[in-house]
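Engineer: Numbering (this note's numbering), first residue to last: 1 to 233.
My questions will all concern the structure given below.
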Amino acid sequence: EMARVVQEQGVLSLWRGNWSNILRYAPQQAIMLESKTRLKPYLPKPKKGDFWQGLAVNCLAGGIAGSFSMVCTYPIDVVRTLMAVDLGSSMAKGAPREYNGMVDCYRKLYAERGWRGLTPGLGTSVVCYFWYRGIILGLNDSVRPLVQPVGFAQEWATSYATTAVAGLAAHPLDTVRRRMVKAGGKGRKYRHGWHCAVTMVEKEGWRSVWNGLTAQLVRAAFSQSLVLALFNT
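Okay, structure coming up:
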């Protein structure tokens, strides 16, 4: 798929919507990590030496922080997703696109459905991010004391391992979330997350919810893993 996009629309097409992604990712990560740190003192303290209790508390803190940061930046995420998949009326290079930049995308979404146009799939996204970020941050905080990584390379390897596990566990939810966001730009196609998942499986097969898994795991090596490694170093 990547080779086809590059061949038909050029290499720069792979960075479509990247500015909105930068505007989303930096504050989202900052809010998430700071929220997790400030939230932990208010959660139940696990018994000393009890790994599973500690893991549960860490996952809860990470899930709440992840969902909160996602809600704060969700409209930017919606625009980023829609601009990234806006390939125009055809795959040909130079084909007219629906959105002419971030401002135009916001304007058209708001004109179509008001504020709801900027939050399609929000409920599914909250569940997805709670699960995904909870596993990443919970595992990372629980495994690091056992592994005791030394140096940036070991920190990155530990972070990538926890991110990969979370990616595998949450990918079907993330696929449904992205599908609802993309459909939200064209009017309400799915009633809710479960309806979206059932429709995908019925029409495209169960493998459809795992589309893009390889790209997701590769991306994780250079995004969330680097953030956690730098934060913990």
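Virtual Cβ for every residue (Gly too), placed ideally from N, Cα, C.
For residue 105, which residues of its own chain have a beta-carbon under 7 angstroms away from its beta-carbon, when the five flanking residues on both sides are left out?
Structural biologist: 79, 82, 83, 99
Engineer: Can you confirm whether the region 108-121 touches the region 53-63 when touching is taken to mean that 3 or more C-beta pairs between the two stretches lie within less than 8 angstroms?
Structural biologist: no
Engineer: Contact between the region 151-165 and the region 210-230: three or more CB pairs below 8 angstroms?
Structural biologist: yes
Engineer: For the alpha helix (DSSP H) containing residue 107, name the first residue and the last one.
Structural biologist: 102-113
Engineer: If residue 27 sits next to residue 73, beta carbons under 8 angstroms apart, how far is it from one beta carbon to the other, in whole angstroms?
Structural biologist: 6 angstroms
Engineer: Out of 146, 144, 168, state which residue places its alpha-carbon closest to the alpha-carbon of residue 132.
Structural biologist: Considering only alpha carbons, the answer is 168.
Engineer: Which same chain residues, not among the five before or five after residue 209, have their C-beta less than 8 angstroms away from its C-beta?
Structural biologist: 171, 172, 175, 176, 197, 200, 201
Engineer: Take the Cβ of residue 122 as the centre, count every other Cβ of all protein chains shown within 10 Å, and call the residue buried at 16 or more, exposed below.
Structural biologist: Per the 10 Å Cβ criterion, buried.
Engineer: In three-state DSSP terms, what is residue 224?
Structural biologist: helix
Engineer: Nearest by alpha-carbon distance to residue 124: which of 71, 162, 137, 109 is it?
Structural biologist: 71
Engineer: Output the distance between the C-alpha atoms of residue 205 and residue 68, rounded to the nearest integer angstrom.
Structural biologist: 32 angstroms
Engineer: Taking residue 182 as the reference, give the member of 37, 119, 137 with the closest Cα.
Structural biologist: 119
Engineer: When DSSP labels each residue in this structure, what does residue 45 get in the three-state scheme?
Structural biologist: Here residue 45 sits in coil by DSSP.
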